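Report on one structure; see the data block that follows.
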Amino acid sequence: MVNQNFLRTFRVLVQTGNFTRTAEQLHMTQSGVSQHIKKLETQLGQLLLNRYGKRFELTSAGELLFDFATKQLTAESELLQALEMDNIHVGQCKIACSGPMAMQLYPELLNLQTRIPTLTFSVEAAPNETIIELIKNNQFDLGIVTQQINDHALTQQWIGTDDLCLIVPKGKTVCWSSLISLGFINHPSGHHYAYQLLEKNFPHEFVNMSQLPERSYINQLAQILLPISQGIGFTVMPKSTIDTSPYLNKLNVVALQKSVAEDVYLVSKKHKPLAARYQLVTKLIKQLWTK
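Heads up: the sequence shown at position 36 corresponds to 36 in this note's numbering, and the numbers run straight through without jumps.
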């Protein structure tokens, strides 16, 4: 690696163009400046300066090194600035959550970005297991999951619940045989949601999801309820997502004998404190899911 002390001397020498002024600026002797340059040339195995009288010109190697030194100085300055600017209103927030949650959360984040343009957001829709891995691998900073996590590397905070809803086409009566006839509209979290709701409300009929014919699968979240609005199939989704659907007037949200709600948790790395800007995000998320 390039000796950083020698590199700083070289950078100042090129900027001043003079050994005397360099020595004064760095509180060194002129011979000390010359020694730093010679040691740097020895370390790199390249001549850096062509001297003539009291002046010098950079060699090709010297130009490359000065360009490197300038970029390094800029990078250091940007790093220090970024460290000082852990600002609640500045930076990127990286959040992972389920697809239905993303449908509700993302528009609210865009509203926040409209008010504070210096904030940016990256949202990944994924199942619980993937969210946990994204957080542990430092690909995302904050996750929203619906299961308790037993992992010493993570911290988890309960923030509320989200009701699960059984959704069928408008006008359809609901019994186990009618669900079989309709078939299931699957989505990335479909089986996870449906298993919980069907097991509790159809305990004598429901065994597993293989009993239900799958009419369609869609991972474009805004389109999950489209086939149901056209009389095709049923699905299970959180109530918070249904409330924002443009197809709501063509759906029947079934009144269940036994309500089913998922606990909602914020998860992040235990030993990696969130940047200040996440204060706004966590406040927003808690408002959405706290009841």
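Even for Gly, the Cβ is constructed at its ideal location relative to N, Cα and C.
Remember, it's a predicted structure, so these values are computed and weren't measured experimentally.
Check: residue i C-beta below 7 Å from any heavy atom of the ligand GTP
| i | result |
| --- | --- |
| GLY91 | Looking for the ligand GTP in the displayed structure turns up nothing, as the structure carries no ligands at all. |
Span of the alpha helix (DSSP H), counted from its first residue to its last, around residue i
| i | result |
| --- | --- |
| LEU284 | 278-289 |
| ALA23 | 19-26 |
| ASN201 | 190-201 |
| GLU235 | The sequence shown places Thr at residue 235, rather than the Glu named in the question. Here THR235 belongs to no alpha helix (DSSP H); instead the beta strand (DSSP E) covers 235-238. |
| PRO213 | Run containing PRO213: none; DSSP gives neither H nor E here. |
| VAL14 | 4-16 |
| GLY160 | Where GLY160 is concerned, there is no enclosing alpha helix (DSSP H), although the beta strand (DSSP E) it sits in stretches over 154-169. |
| ILE135 | 128-136 |
| ILE228 | 226-229 |
Distance, residue j Cα to residue i Cα
| i | j | result |
| --- | --- | --- |
| ARG295 | LEU284 | Outside the modelled stretch of the chain, which goes from 1 to 291, sits residue 295, for which no answer is possible. |
| ASP163 | ILE135 | 25 Å |
| GLN63 | GLN46 | It should be pointed out that residue 63 corresponds to Glu in this sequence rather than to Gln. Going by the C-alpha atoms only, they are around 12 Å apart. |
| HIS152 | PHE140 | 18 Å |
| GLU205 | TRP176 | 7 Å |
| PRO213 | THR235 | 12 Å |
| GLN257 | VAL168 | 16 Å |
| GLU108 | GLY17 | 55 Å |
| GLN72 | GLN147 | 45 Å |
| THR244 | ASP86 | 34 Å |
| SER259 | LEU197 | 8 Å |
| SER174 | ALA222 | Checking the sequence shown, residue 174 turns out to be Val, not Ser. Cα to Cα, VAL174 sits roughly 24 Å from ALA222. |
| THR311 | GLN4 | Nothing in the structure corresponds to residue 311, since the chain is present only between 1 and 291. |
| ILE131 | SER178 | 35 Å |
| GLN25 | PHE19 | 10 Å |
| THR29 | THR59 | 24 Å |
| LYS239 | ALA75 | 47 Å |
| SER34 | LEU79 | 30 Å |
| ASN50 | HIS27 | 24 Å |
| LYS272 | GLU129 | 20 Å |
| LYS200 | ASN137 | 35 Å |
| GLY53 | LEU65 | 23 Å |
| LYS38 | SER31 | 10 Å |
| ARG11 | SER77 | 15 Å |
| ILE218 | VAL2 | 54 Å |
| GLY171 | GLY91 | 48 Å |
Neighbourhood of residue i by C-beta distance below 6 Å, restricted to the same chain and skipping five residues each side
| i | result |
| --- | --- |
| SER98 | SER189 |
| LEU13 | THR22 |
| HIS36 | PHE6 and THR9 |
| ILE116 | HIS89 |
| ALA102 | VAL123 and ALA125 |
| LYS286 | ILE159 |
Rounded Cβ spacing between residue i and residue j (contact assumed at less than 8 Å)
| i | j | result |
| --- | --- | --- |
| ILE95 | PHE121 | 7 Å |
| THR233 | GLY183 | Here the sequence assigns Gly to residue 233, which means Thr is not the residue at that position. That pair is a contact at about 5 Å. |
| SER210 | ILE185 | Between ILE185 and SER210 the Cβ distance is about 16 Å, and since that is not below 8 Å, they are no contact. |
| LEU226 | TYR247 | 6 Å |
| LEU142 | LEU288 | LEU142 to LEU288, Cβ: 14 Å. No contact. |
| THR118 | HIS89 | 5 Å |
| GLU262 | THR155 | With 8 Å as the limit, GLU262 and THR155 do not qualify as a contact, their Cβ atoms being about 20 Å apart. |
| LEU280 | LEU44 | About 48 Å separates the two Cβ atoms, so there is no contact after all. |
| ALA61 | LEU40 | Actually they are not in contact, since the Cβ atoms of ALA61 and LEU40 sit about 10 Å apart, beyond 8 Å. |
N-terminal and C-terminal residue of the beta strand (DSSP E) that residue i is part of
| i | result |
| --- | --- |
| ASN186 | 184-186 |
| ASN252 | 251-253 |
| SER34 | Where SER34 is concerned, there is no enclosing beta strand (DSSP E), although the alpha helix (DSSP H) it sits in stretches over 30-44. |
| VAL145 | 142-145 |
| PHE121 | 119-125 |
| VAL260 | Taken as a continuous stretch (DSSP letters only), VAL260 belongs to no beta strand (DSSP E), as it is neither H nor E. |
Own chain partners of residue i with C-beta closer than 8 Å, once the 5 adjacent residues on each side are dropped
| i | result |
| --- | --- |
| PRO127 | SER98, PRO188, SER189 and HIS192 |
| GLY290 | What sits at residue 290 in the sequence shown is Thr, not Gly. Contacts found: ILE159 and GLY160. |
| ILE149 | ILE132, GLN156, TYR265 and VAL267 |
| ILE242 | CYS165, ILE167, LEU225, LEU248, LEU251 and VAL253 |
| LEU110 | PHE121 |
Same chain, Cβ closer than 7 Å to residue i, five either side skipped, listed in chain order
| i | result |
| --- | --- |
| GLU133 | none |
| THR282 | LEU266 |
| TYR106 | VAL123 |
is_contact[residue i, chain B] using C-beta, thresh 8 Å
| i | result |
| --- | --- |
| GLN30 | Absent from the structure is chain B; it holds one protein chain and no more. |
Discussion item. Restricting to runs no shorter than 4 residues, where is the alpha helix (DSSP H) found entirely within the region 48-106?
Written reply: Entirely contained in the region 48-106, the alpha helix (DSSP H) runs reaching 4 residues are, in chain order, 60-84.
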